[in-house]
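K.L.:
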Amino acid sequence: MAKIKIDVNNLPVLTYRFLRMNEEQMETGEIETVETRISLPEKLPEGIRKEEELDEEGVQAFFAQTREKIKESTKEATPPNGDTSARYETQALPSGMGREVDRLLASCGVKAQVFRVPAGEKVKEPLVLKMHGQEAEESKACLLRQVICAEEGAEVSVMIDLHTNAEAEGAVGMQTLLLAKKDAVIHLYQVQMAGERVQIFDDIGAVAEENARIDIVRMDLGGERSYVGCHVNLLGKKSDLQVNTAYLCRKSQQYDMDYIAAH
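Quick note, the sequence shown lines up with residues 0 to 262 if you use numbering that gives the first Met the number 0.
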């Protein structure tokens, strides 16, 4: 049993402290953390490969070349006052919620499920991933991580359904890492319908290479406290990002979101 207490959604450039927008702190009471898996369809859509799961070291290796490309693209840039980009340096990919989410997942031994679409493959059916959060119903924190990679010229749609029972009182944490290589397209659709006493964090890190596109559509409808962070690096010429989001924040619900496009 332990507390989760992490700083999340750090702004890439600091603003006035009195605005209280530079970062947010996520904190739970004493809670047991458990690794879980997202539920897969009985048969993956044709054109999608599920690969070996990766620990933190494996995720770092998976994105090593991409990180080098990011460093190369920014080496001559002059950082602005209040720049906080150093916080991303230890991450496999810069993500919206930041490095402390990576550290939490690594410390809990959470492995990433990896899905790859080969070069030139246009996947007709969406990949539907469901996360029920059963552990949250036992007042635990369930954590999961997934990697989606679309090789050059590939296209794929991914739907993530995250929900719990209304009586659940635990926490759910998820990180999704996306890599759209040259001329590739990734459509990500997410719906979050957790119980009103569940804490949620949902972290996204993504890279779009030359002429690649990432579309994100998400709805956050549940949860007592919800933290959403999204960092997309538009790494190549004519790379594109489209984001459409909707949320409910009623009664005592709290919602903190951070969407960043780096280009």
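Heads up, the beta-carbon is just placed ideally off N, CA and C, and yes, glycines get one too.
Could you check where the beta strand (DSSP E) with Leu103 kicks off and where it finishes?
P.N.:
Per DSSP, Leu103 belongs to no beta strand (DSSP E); it is in the alpha helix (DSSP H), 98 to 106.
K.L.:
By how many angstroms is the C-alpha of Arg19 removed from the C-alpha of Glu55?
P.N.:
31 Å
K.L.:
Under the assumption that Ala260 contacts Val231 (Cβ atoms under 8 Å), give the Cβ distance between them as a whole number of angstroms.
P.N.:
5 Å
K.L.:
Cutting at 8 Å between CB atoms, please list the residues of its own chain near Thr89, excluding the five before and the five after it.
P.N.:
Within its own chain, the residues whose Cβ lies closer than 8 Å to the Cβ of Thr89, once the five positions on either side in sequence are excluded, are Arg98, Asp101, listed in chain order.
K.L.:
In the DSSP output, which residue or residues are listed as bridge partners for Leu178?
P.N.:
Cys148, Val206
K.L.:
Any idea what DSSP makes of Val197, helix, strand or coil?
P.N.:
coil
K.L.:
Roughly how many angstroms lie between the CA atoms of Glu299 and Ala118, to the nearest whole one?
P.N.:
This structure cannot speak to residue 299, because the chain is shown only from 0 to 262.
K.L.:
Which residues in the same chain as Leu233 place their Cβ atom closer than 8 Å to its Cβ, once the five residues preceding and following it in sequence are excluded?
P.N.:
Ala207, Asp239, Leu240, Ala260, Ala261, His262
K.L.:
Have a look at Ser84 and Thr77 and give me their C-alpha separation to the nearest angstrom.
P.N.:
One C-alpha to the other measures close to 12 Å.
K.L.:
DSSP three-state label for Ile5, please.
P.N.:
strand
K.L.:
May I ask you to report which of helix, strand or coil DSSP gives Lys68?
P.N.:
helix
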